[in-house]
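2 protein chains.
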Amino acid sequence: MSEVSENVGALANSVFANIANKWALLIIETLGTETLRFSQIKARMNGVSHKMLAQTLRNLERDGIVNRTPYATVPPRVDYCLTDAGRELQQTVHGICHWTRSHLDHIEAARQRFDSAGG
Amino acid sequence: MSEVSENVGALANSVFANIANKWALLIIETLGTETLRFSQIKARMNGVSHKMLAQTLRNLERDGIVNRTPYATVPPRVDYCLTDAGRELQQTVHGICHWTRSHLDHIEAARQRFDSAGG
DNA sequence: CTGGATCCGTCAGGATACTG
DNA sequence: CAGTATCCTGACGGATCCAG
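If you read the protein sequences in the order shown, they are chains E and B.
Residue 37 in the UniProt record's numbering sits at position 37 of the first sequence; the count goes up by one each step and never skips.
Residue 1 in the UniProt record's numbering sits at position 1 of the second sequence; the count goes up by one each step and never skips.
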């Protein structure tokens, strides 16, 4: 209960903070079961900056969610794909994306209701 | 091909930004199938501030994910629970929380590997 | 092409105080 | 107890340049 649990809590918290953000979830969803290069990922995601993509990709790699494979060619080429753990996570992330898409009208209606109610 | 952030863009993006953050996901997970008061939610969540809880709760309510029920008693009392749509979402969110918990050691190992590799 | 570093503006988010 | 407003700091995130 004392220190061990707190450490686990802190770790879980930092892990959660790493994956519970827009870019991380979108990267995971974008990768899916594919293997993509840096520029391909960037092209498929709307409005992600060079910096944030590199940074988030790096975090995901560090957590063993994304697999990074650099090739010593000229010009350089780096492939990214989900690890086994990453693919497990992708299943649930996909669920969120699916939910978001299929509830867009529901949410838009709820917002209008809320806003016109003087919220 | 139709990614979350392609054509549907603006709305999907704002919806996604609302739920794809640490506090929103943790609130959804904390609520689960229960009905809790403001102070109860705050007590169950680790390190959330009064402000962020109120703010995130408000966003979730606006998007029709959380149901807010105020009672005109003294002292005031407000109950929160997930809506039907919210409970659907909670299923997948729970998947992420479950994944995080069951992969903590995997991730910790991956981090140590990454850090000691001179990352 | 990939990715790190730097500068810099914007805003998330914590602390506090006040209302009902 | 619940919610809002204010202030303020640090982190996020974009643009750009440099390196391999």
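Cβ coordinates follow ideal geometry from the N, Cα and C atoms, glycine included.
### Task
Starting from E/A54, find everything on chain B with Cβ-Cβ shorter than 9 Å and list it in chain order.
Taking the beta carbon of E/A54 as reference, no residue of chain B falls within 9 Å; the closest one sits roughly 13 Å away.
### Query
Is the shortest distance between the beta-carbon of E/L57 and the beta-carbons of chain B less than 8 Å?
Taking a beta-carbon distance threshold of 8 Å, E/L57 does not count as an interface residue toward chain B.
### Query
Does DSSP classify B/N13 as helix, strand or coil?
In the structure shown, B/N13 sits in a helix (DSSP, three-state: H, G or I).
### Query
Along chain B, which residues have their Cβ under 7 Å away from the Cβ of E/D79?
By Cβ distance, chain B contributes nothing, its closest Cβ being about 17 Å from E/D79, past 7 Å.
#### Entry: Option nearest E/G95 by Cα separation, candidates E/R111, E/R68 and E/G32
Comparing alpha carbon positions, the residue from E/R111, E/R68 and E/G32 closest to E/G95 is E/G32.
### Message
When you compare the CB of B/G32 with every CB in chain E, is at least one pair closer than 8 Å?
### Response
No, B/G32 lies away from the interface with chain E (no Cβ there is under 8 Å from its Cβ).
### Query
Out of curiosity, what's the CA-to-CA distance linking E/V118 and E/L104?
The sequence given here has Gly at residue 118 of chain E, not Val. Going by the C-alpha atoms only, they are around 22 Å apart.
### Query
Excluding the five sequence neighbours on either side, which residues of its own chain have a C-beta within less than 7 Å of the C-beta of E/V48, listed in chain order?
Correct list, in chain order: W23 and K42.
### Query
Beta-carbon of E/S2 versus every beta-carbon of chain B: anything under 8 Å?
Note that E/S2 has pLDDT 39, beneath the 50 cutoff, so the model's placement of it is unreliable and no number is given.
### Query
Can you tell which of B/A72, B/N67, B/T73 and B/T92 has the C-alpha that lies nearest to the C-alpha of B/D84?
Out of B/A72, B/N67, B/T73 and B/T92, B/N67 has the C-alpha closest to the C-alpha of B/D84.
### Message
Taking the straight line between their C-alpha atoms, what separation do you get for E/R62 and B/E34?
### Response
Straight-line spacing of the CA atoms in E/R62 and B/E34 works out to 35 Å.
### Task
Go to E/V74, then tell me how far its beta strand (DSSP E) extends in each direction, as first and last residue.
DSSP places E/V74 outside any beta strand (DSSP E), giving it a letter other than H or E.
#### Entry: For E/L57 and B/I28, the rounded distance between their alpha carbons
Each residue's CA atom was taken as its position, placing B/I28 and E/L57 some 26 Å apart.
### Query
Could you give the distance in angstroms between the alpha-carbon of E/L25 and the alpha-carbon of E/P76?
Straight-line Cα distance between these residues: approximately 26 Å.
### Task
On the DSSP bridge assignment, give the partners of B/R58 in chain order.
The partner list for B/R58 (beta bridge, DSSP) is empty, contrary to what the question assumes.
### Query
Grouping DSSP H, G and I as helix and E and B as strand, with all else coil, what is B/D115?
B/D115: helix per DSSP, three-state reduction.
### Task
Specify the secondary structure class of B/S5 as computed by DSSP and reduced to three states.
Here the model assigns B/S5 a pLDDT of 40, short of 50, so the residue's position is not dependable and the matter cannot be decided.
### Task
Indicate whether at least one CB of chain E lies closer than 8 Å to the CB of B/V66.
Not closer than 8 Å to any Cβ of chain E, the Cβ of B/V66 fails to qualify, so no.
### Task
Pick helix, strand or coil for B/N67, following the three-state DSSP scheme.
It is a strand residue.
### Task
Inspect the beta-carbon positions of E/V78 and E/R113 and report whether they are closer than 8 Å.
No; because the gap between Cβ atoms is not below 8 Å, this pair is not in contact.
### Query
Leaving out five residues before and five after E/R87 in sequence, what residues of the same chain have Cβ atoms less than 8 Å from its Cβ?
Setting aside the 5 residues that flank it on each side, E/R87 is surrounded in the same chain by T33, each with a C-beta closer than 8 Å to its C-beta; the list follows chain order.
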